[in-house]
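Take the sequence shown: its letters are residues 1 to 260, numbered as in UniProt numbering.
Positions of the beta carbon are idealized from the N, C-alpha and C atoms, including for glycine.
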Amino acid sequence: MQTTKSIPAIERAFAMLEALDSSGHSMNIADLARRLAIPRSTAHAIALTLERCGYITRDASRRNCMLSVKAHRLGREAAPSGQLADIALRPMKSLSAVTQLTAHLAVLDLDQAVYIQKVQGLGLLRFDTHLGKRTNLHCTGVGKILLSYAPLAYQQRFLKQGTFARYTRNTITSGNALRRELAKIAKQSFALDDQEEELDVRCLATPVFSRRGEVIAALSVSGSVAQLNDEWIPAGVELLRRAAHQIGTHSELDLTRNAS
């Protein structure tokens, strides 16, 4: 039987895309070269080719590379989460319009939450989030929702890390404290990121249930502490739950239809 050799240049190009995806942030050429164990000149040539094809972009300094919207769109269209994001867009637009806050939809992937949809609020506060960006589970609203509804074995393995990165004075950094927080979230069915990742920013999140009762995503609204004040939280939870119900109900119907 004749064997066909693979093409190393294409393998390296895909390896670069995967490195950028797994990092969750931009990377410079030197970091990419080290990650792929290739010469810097080779990494530069691959990055330039991918940029010309529209699969990576560079920041203003031209030093840092990141996945483009085109690359994220390709991944979304190939996965059920992409269909879910499309279905969620209308309810999220309504939610953002009513609350004047930024709405996010995220799913669990490995040990992080991944944003698959975003609707920017009309306020002055802007968030450094984009489709495909990865974020922490222990200090974000969507992350804590996804973690609290994850299988028990997954939770236990995650909590065995013991300590977690601190971003503000409010960040939960111990496994025991996070375990208590997850139990509270599961009981009340919503999570609050109270300046745990960024000061003066709050994020309120709820689970998105399928019609079978499975958590398929986390839906959130984010804004300033003044916007998401304690008095507003109960009303905010109800608005989130209504939007999450719309997403969960319609997503299962649509995903089932596409699978048949």
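Which of the three DSSP states, helix, strand or coil, is assigned to residue i?
i	result
residue 39	coil
residue 171	coil
residue 247	helix
residue 233	helix
residue 259	Only weak support is given to the placement of residue 259: the predicted model assigns it a pLDDT of 36, under 50, and the value that follows is read from those uncertain coordinates. Helix, per DSSP.
residue 181	helix
residue 51	helix
residue 238	helix
residue 32	helix
residue 46	helix
residue 151	coil
residue 227	coil
residue 20	helix
residue 10	helix
Where DSSP assigns a beta bridge to residue i, which residues make up the other side?
i	result
residue 215	209
residue 163	174
residue 221	103, 204
residue 27	65
residue 145	BP columns for residue 145 are empty, so no partner.
residue 191	205
residue 57	66
residue 140	According to DSSP, which records beta bridges pairwise, residue 140 is partnered with nothing at all.
residue 135	113
Please tell me whether residue i and residue j are closer than 7 Å, where the distance is taken between their beta carbons.
i	j	result
residue 45	residue 35	no
residue 281	residue 141	Past the boundaries of the shown model lies residue 281; the chain is included only from 1 to 260, so the question cannot be answered.
residue 129	residue 115	yes
residue 105	residue 120	no
residue 203	residue 171	no
residue 185	residue 160	no
residue 208	residue 248	yes
residue 43	residue 32	yes
residue 63	residue 28	yes
residue 122	residue 224	no
residue 50	residue 56	yes
Closer than 6 Å to a non-hydrogen atom of the ligand NAD - does that hold for the CB of residue i?
i	result
residue 100	In the structure on display, the ligand NAD does not appear, and there are no ligands present to speak of.
Check: Is it true that the segment 190-204 meets the segment 157-170, where meeting means three or more beta-carbon pairs spaced less than 8 Å apart?
Finding: yes
Check: Hey, is the segment 89-101 in contact with the segment 126-137, meaning 3+ C-beta pairs nearer than 8 Å?
Finding: no
Note to self: I'd like the ranges of any beta strand (DSSP E) spanning at least 3 consecutive residues and lying wholly in the segment 63-132.
What the structure shows: 64-67, 102-109, 112-119
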